[in-house]
Amino acid sequence: MSYEVKMPQLGMNQDTALVVAWFKKEGDKIEKGDPLFEVETDKATMEVEAQKEGYLSKIKVDEGSEVPVGQLLALISDTNEDSHNGQTDLAGSDAFEPMEPDAEPINDKSIENEVQNIEDPSDRKELVNRITRNNVGSAGGKVLASPKAKFAAKEMGFDLAELRNSGIAEPFHFADLGRVPQSPSFSSIYMQVSAEAFDALILKSETAKRSLLFSKFTSSAWSFVFEDSFLEVIFKDTNGESYVETTTEAVSSSDVANTITLIDLCDTRISAYETGSNKLTLSFSQLRNELTICFSFNERILKFPDAVKFLNELGARIEDPILQLI
Amino acid sequence: MRSITLSQAVNEAIAEEMRLDSSVFLIGEDVAEAGTPFKITSGLVEEFGTERVIDTPISEPGFMGLAVGAAMTGSRPIVDIMFGDFLFLIMDQLCNQAAKAHYMSGGKLNVPLVVRTNLGATRRSAAQHSQSLHALVSHIPGLKIAMPSSAYEAKGLLKTAIRDDNPVVIFEDKLMYQDKADVPEDEYLIPFGEAAVLQEGNQVTLIGTSSMRQVCEEAALILADEKISVEIIDPRTLVPLDEKTILNSAKKTGRVVVVDEGHQNFGVTAEIASRISEKAFYYLDAPVIRMGAMDVPVPFSPVLEDLTVPTAEKVASNARKIIAGELVHEL
Amino acid sequence: MAKKINTNSESYLKMYSQMVKIRSFEDQANQLYLDAKMPGLTHMYSGEEAVAVGICEALTVKDKITSTHRGHGHCVAKGAELKQMFCELLGKEEGYCRGKGGSMHIADQSNGNLGANAIVGGSMGIATGSALRAKLNGDSDVTVCFFGDGATAQGLLYEVMNMAALWNLPVIYACENNGYSEYTATDEIAAGDILDRARAFGIEAHKVDGQDVLAVNKLATDLVARARKGEGPFFIELITYRYHGHHVGDINRTYYRSKEEEEDWKKNKDPIKILGDWLVSEKIASDDELKIIRDDIAAEAHVAVQYALEASYPNSNEVDMHVYMEAN
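Protein sequence lines correspond, in order, to chains A, B and C. Each residue of the first sequence is one higher than the one before, starting from 15 at the first, in the working numbering. Each residue of the second sequence is one higher than the one before, starting from 6 at the first, in the working numbering. Each residue of the third sequence is one higher than the one before, starting from 2 at the first, in the working numbering.
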């Protein structure tokens with residue numbers, strides 16, 4: 015029997031990763047938990063441990079290769095002898111491709127049948143999701159965790175399977191989420207928009223300060239994109255002072271799920287302020303009629319497509335303030 | 006503030022309500038001169054006479070039936086059922102007649118009566134004088150169920166019960182009759198459906214009914230030595246149940262142990278645990294633990310009897326386990 | 002036949018009318034059931050009318066009764082309206098219990114009817130408790146507890162008769178002995194004499210022909226007056242007969258009683274016919290006048306049924322209403 019080593023999913027929106035180095039060579043004896051190879055994504059470099067003991071029978075991807083998530087990287091065999099047989103067998107390695115290492119073969123069959131028997135494509139999608147969820151990163155199937163831990167992990171974009179790799183005993187509880195630092199996925203996206211209409215609005219208005227308008231546009235864009243999700247806006251000036259500018263229609267502060275910090279750099283020659291934290295940050299800077307908005311976020315908490323949607327919406331409102339009224 | 010026994014508190018509640026309302030009377034076995042085996046009603050017959058403090062033959066279904074008829078026609082009887090175990094004898098009158106009359110008559114009839122009875126083991130009285138049967142009657146729509154946990158609650162809840170226009174069953178813990186608590190001299194009522202938060206904390210919620218409140222309080226002391234922060238809730242009435250207070254606490258701590266002296270199977274602990282699991286599931290960080298009496302008839306031998314009821318040590322141990330993320334039951 | 006106990010012809014005619022009203026009600030209810038228009042089941046009082054009317058005509062509106070699963074007769078005799086009764090039988094909003102009780106639970110507290118009861122013997126405690134309340138409050142009302150011969154097998158009766166006798170409560174236990182305890186002859190379920198059960202507690206007990214409304218009324222009037230004076234409790238055994246089965250679907254009855262027996266009671270011991278014959282012989286009413294009474298009441302019952310059939314069902318929000326009485 016051979017166990018397949020595949021490129022793990024290391025971030026929320028990551029498609030490929032680079033195999034930096036193999037720590038073992040073909041034929042080596044491997045214990046479960048041994049560092050097996052090093053991998054680099056655009057955000058971090060990390061060691062991947064072996065999930066199974068045995069012998070490294072075949073390395074299929076060379077160091078330095080950029081490979082998609084889920085691709086077969088190596089095979090681990092039960093016996094060393096196997097590894098030699100394995101090597102010859104692997105000449106046509108495609109034969110191994112369809113094997114799902116994580117699931118029991120019997121379950122696999124029944125799940126496959128279940129999927130095929132479903133007429134409605136949306137049902138099929140849901141079932142596939144369910145199966146994927148249940149098999150999250152493990153040889154042991156379902157990750158056992160308290161409802162609170164699961165719920166919080168989902169909210170935070172925290173992969174509970176990583177707790178298993180760290181040796182914490184299941185079932186996992188809420189406090190366990192703090193015991194293993196998850197590699198953050200800090201990202202920033204930029205957008206340049208025309209500031210003409212926005213500037214005109216400030217000129218016409220007698221009362222509206224720029225900071226207030228930024229805050230209002232931000233919370234409207236947020237509410238528009240995320241509907242019932244509440245947002246608290248904190249305005250931070252270049253002296254480092256911060257104050258709560260506005261909130262969307264949150265009933266009480268405990269209902270505010272998100273906080274976003276706004277930094278206005280328009281009066282400076284700085285073009286952007288990027289933060290490497292879990293906090294959402296927006297910076298605004300202006301060069302003549304061009305306004306540059308920089309949005310920093312943790313991809314484990316806010317998904318990339320959602321960040322894009324939000325920034326697009328905000329940019330559109332600034333370019334065409336009429337949208338604020340709709 | 007003065008401190009009086011639970012027994013005195015009950016006596017005061019009955020006397021005060023009888024003075025206020027001439028339609029209130031007390032009926033049961035040996036409630037008059039004898040003052041019941043627990044001496045709870047002593048002195049009442051001297052003040053109110055045998056017309057309003059009525060000794061009956063040993064006929065529980067009979068005098069329970071009388072109370073239903075009297076209540077239906079304008080009286081407010083307090084029925085003394087000497088031991089909670091005798092509830093089985095009055096089931097038809099209580100559950101088929103009293104509980105349903107208001108509904109079955111489309112709201113025309115009502116049965117404002119109180120059944121005062123007791124619960125609790127460890128009085129070395131064996132299986133027919135030691136049961137805690139409150140879950141049985143909590144199951145029946147139309148009845149309200151109160152569970153005083155000290156002299157203070159006993160007085161306030163009983164006065165509310167007597168004034169309620171529905172049949173109410175109130176369970177006193179036999180072992181607590183001589184326990185003292187601060188009870189105001191001024192009149193007060195405890196509304197039904199309002200739980201008491203006896204101690205605030207954020208790591209685990211202990212919910213204890215009747216004398217199990219004291220067990221939870223002792224458990225909290227043990228846990229306090231270990232720097233564990235405990236919230237204690239006494240529901241005070243099972244029907245109506247203050248679900249809001251219970252759920253808010255469960256959401257806050259994420260861990261709950263429910264302690265009650267009724268049998269664990271299909272019991273009060275199961276009902277409360279189930280509501281928490283249904284309505285606060287995503288806030289839970291551990292399974293909700295039920296701790297009821299063992300599912301055996303209550304044994305006589307003290308050595309055996311003591312094994313059947315939840316103790317502070319066992320409650321503390323279970324709380325400790327769920328806080329540590331350990332399993333109380335095998336997966 | 003009892004001699005004139007009351008010179009008031011009006012009261013005889015009232016008793017006649019009340020018995021006819023019960024019969025008409027039951028005929029219509031039976032038809033509703035046969036036409037599959039009535040949900041559930043019901044127990045017919047036809048044949049026993051003299052018991053309910055004889056006793057209830059001896060009571061005032063303040064006096065209380067408790068009734069049984071075979072309770073339509075008691076309800077009509079105590080003054081209930083046919084429309085509201087039919088509405089209740091059909092589960093309609095305008096029924097006496099807003100459709101929540103049905104045939105076996107009609108209560109009409111405005112006329113002192115504390116309700117029918119679907120537990121055999123279930124109301125004995127209630128009736129005695131009502132009498133206890135009257136004594137404690139010094140109220141002058143008397144409570145009559147109707148129950149059947151079958152209910153004498155329930156232990157509750159003996160517990161409450163003991164207390165009623167100990168405390169001289171103003172209650173009258175009215176045992177309607179129709180000869181059958183559900184589908185079994187009374188002889189097979191009751192040892193000894195039924196009256197002796199009450200006498201064992203020192204309760205004065207009487208047996209009366211339950212088909213002779215005047216005899217029933219005379220005895221009841223006497224006992225009610227004495228109970229009011231504090232001489233109660235009393236026990237009456239009323240020998241009577243039900244024309245229908247135990248319930249409306251109890252069609253094949255030959256295994257417990259013969260058709261000949263049923264025909265004999267209907268032909269020779271019908272309470273309405275007995276009183277009618279007497280009214281004619283005493284020249285209080287003519288055959289024609291009695292026929293007019295019967296036809297008018299039958300028409301009234303027909304109108305009431307039609308009304309009930311068209312009445313509306315309760316709103317669904319009533320389902321959890323009246324579980325508890327709300328505080329004022």
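Idealized CB from N, CA, C, for every residue including glycine.
Neighbouring residues, chain A, relative to residue i (Cβ below 7 Å)
i, result
"Y287 of chain B", "P161, K162, F165"
"A341 of chain B", "The structure shown has nothing for residue 341 of chain B, since chain B only spans 6 to 336."
"D290 of chain B", "S160, K162, A163, H187, F188"
Interface partners of residue i on chain A, CB under 8 Å
i, result
"G259 of chain B", "S160, K162, F188"
Whole-angstrom C-beta distance between residue j and residue i, which should lie under 8 Å
i, j, result
"E49 of chain C", "N179 of chain C", "6 Å"
"A175 of chain A", "L191 of chain A", "At roughly 13 Å, the Cβ-Cβ gap does not stay under 8 Å, so A175 of chain A and L191 of chain A are not in contact."
"E95 of chain C", "Q85 of chain C", "6 Å"
"S131 of chain C", "K65 of chain C", "5 Å"
"D90 of chain B", "P66 of chain B", "The pair is not a contact, with the Cβ atoms about 14 Å apart (cut-off 8 Å)."
"M109 of chain B", "H248 of chain C", "Wrong, their Cβ atoms sit about 19 Å apart, outside the cutoff."
"I45 of chain B", "S8 of chain B", "Not quite, the Cβ-Cβ distance comes to about 17 Å (not below 8 Å), so this is no contact."
As assigned by DSSP and simplified to three states, the class of residue i
i, result
"E205 of chain B", "coil"
"I298 of chain C", "helix"
"Y256 of chain C", "coil"
"E61 of chain A", "strand"
"N99 of chain A", "Reliability of the predicted coordinates at N99 of chain A is poor, the pLDDT of 44 falling under 50, and the value obtained from them is presented with this limitation in mind. Reduced to three states, the DSSP call for N99 of chain A is helix."
"A264 of chain A", "Any reading at A264 of chain A must be qualified, since the residue scores a pLDDT of 45, below 50, and its modelled position is unreliable; the value itself is stated next. In this structure, A264 of chain A counts as coil in the three-state DSSP scheme."
"Q206 of chain A", "strand"
"A330 of chain A", "helix"
"S233 of chain A", "helix"
"L228 of chain B", "helix"
"A275 of chain B", "helix"
"T1 of chain C", "Only positions 2 to 329 of chain C appear in the structure, and residue 1 of chain C is not among them; the question remains open."
"D173 of chain A", "coil"
"Q300 of chain A", "strand"
"E17 of chain B", "helix"
"V322 of chain A", "helix"
Closest by C-alpha distance to residue i, when choosing among the options
i, options, result
"D321 of chain C", "C:T67, C:R99, C:M20", "C:R99"
"R295 of chain B", "B:M77, B:I238, B:I212", "B:I212"
"Y287 of chain B", "A:F188, A:D213, A:I284", "A:F188"
"L114 of chain B", "B:A103, B:L124, B:N123", "B:A103"
"E177 of chain B", "B:A106, B:D85, B:V303, B:V244", "B:D85"
"V172 of chain C", "C:Y97, C:I240, C:D251, C:V225", "C:V225"
"D92 of chain A", "A:M205, A:Y69, A:D76, A:E77", "A:Y69"
"F212 of chain A", "A:L294, A:K223, A:S202", "A:K223"
"G103 of chain C", "C:E261, C:D142, C:R71", "C:R71"
"F51 of chain A", "A:Q28, A:A64, A:A58", "A:A64"
"Y184 of chain C", "C:L167, C:R254, C:E238", "C:R254"
"G123 of chain C", "C:K136, C:A152, C:N114, C:V143", "C:A152"
"I63 of chain B", "C:D150, C:G156, C:S10, C:V21", "C:G156"
"K79 of chain C", "C:D36, C:C146, C:L90, C:L35", "C:C146"
"I203 of chain A", "A:I44, A:A35, A:T289, A:L245", "A:T289"
"D109 of chain C", "C:D150, C:A119, C:V161, C:H73", "C:H73"
Contact list for residue i against chain C, beta-carbon separation under 8 Å
i, result
"P62 of chain B", "E160, N163, M164, L167"
Where residue i meets chain B, residues with beta-carbon distance less than 7 Å
i, result
"S104 of chain C", "Residues of chain B passing the Cβ test: none, with the nearest at roughly 12 Å."
"G123 of chain C", "D97, N101, Q102"
"Q110 of chain C", "K113, L114"
"V80 of chain C", "The sequence given here has Gly at residue 80 of chain C, not Val. By Cβ distance, chain B contributes nothing, its closest Cβ being about 15 Å from G80 of chain C, past 7 Å."
"H323 of chain C", "H107, Y108, G111, G112"
Under 7 Å by beta carbon: chain C residues contacting residue i
i, result
"V73 of chain B", "G126, I127, G130"
"E56 of chain B", "L137"
"M87 of chain B", "Residues of chain C passing the Cβ test: none, with the nearest at roughly 16 Å."
Short CB-CB distance (under 8 Å) between residue i and chain F
i, result
"G198 of chain B", "Among the chains of the structure shown, chain F does not appear; the protein chains present are A, B and C."
Listed by chain order, chain B residues near residue i by CB distance under 8 Å
i, result
"C98 of chain C", "M109, S110, G111, K113"
Length-filtered (3 minimum) beta strand (DSSP E) runs lying within the stretch 27-75 of chain B: 29-33, 58-60
Complete alpha helix (DSSP H) runs within the stretch 60-141 of chain C (minimum length 4 residues, chain order): 73-78, 83-90, 125-138
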